[in-house]
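In the numbering used here, the protein residues as written are 238 to 324.
Next comes the structure, spelled out in structure tokens:
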């Protein structure tokens with residue numbers, strides 16, 4: 238899965254805010270125990286999901302924006318593969 242377009246020339250900095258969401262207790266516990274880098278990677282994936290779920294923009298536009306945000310936070314295709322492969 239490719240998360241970056243070869244057309245990207247710069248990465249815009251986006252302001253971030255903290256929200257609280259309900260998850261199953263075992264997921265919350267597991268999330269709190271993983272290293273901060275993996276937490277940031279999961280946060281980037283959640284940003285992509287929320288952007289798609291909330292924003293009425295075309296999927297391609299949402300994916301491009303999410304890709305830029307993920308790259309700005311250190312996401313690489315290899316890291317994404319690892320996250321998606323983890324069970």
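For glycine and all other residues, C-beta sits at the position ideal for the given N, C-alpha and C.
Cut-off 8 Å between Cβ atoms - residues of its own chain near residue i, not counting five sequence neighbours on either side
i           : result
residue 292 : 299
residue 316 : 278
Residue i burial status per 10 Å Cβ neighbour count (16 or more: buried)
i           : result
residue 307 : buried
residue 253 : exposed
residue 259 : exposed
Inter-residue CB distance, residue i and residue j (contact presumed, cutoff 8 Å)
i           : j           : result
residue 278 : residue 320 : 6 Å
residue 303 : residue 290 : Between residue 290 and residue 303 the Cβ distance is about 12 Å, and since that is not below 8 Å, they are no contact.
Three-state class that DSSP yields for residue i in the structure shown
i           : result
residue 252 : coil
residue 259 : coil
residue 271 : coil
Go through the region 274 to 316 residue by residue and report every complete run of the alpha helix (DSSP H) that reaches 4 residues or more, in order.
Within the region 274 to 316, the runs of alpha helix (DSSP H) that reach at least 4 residues and sit entirely inside it are, in chain order, 296 to 309.
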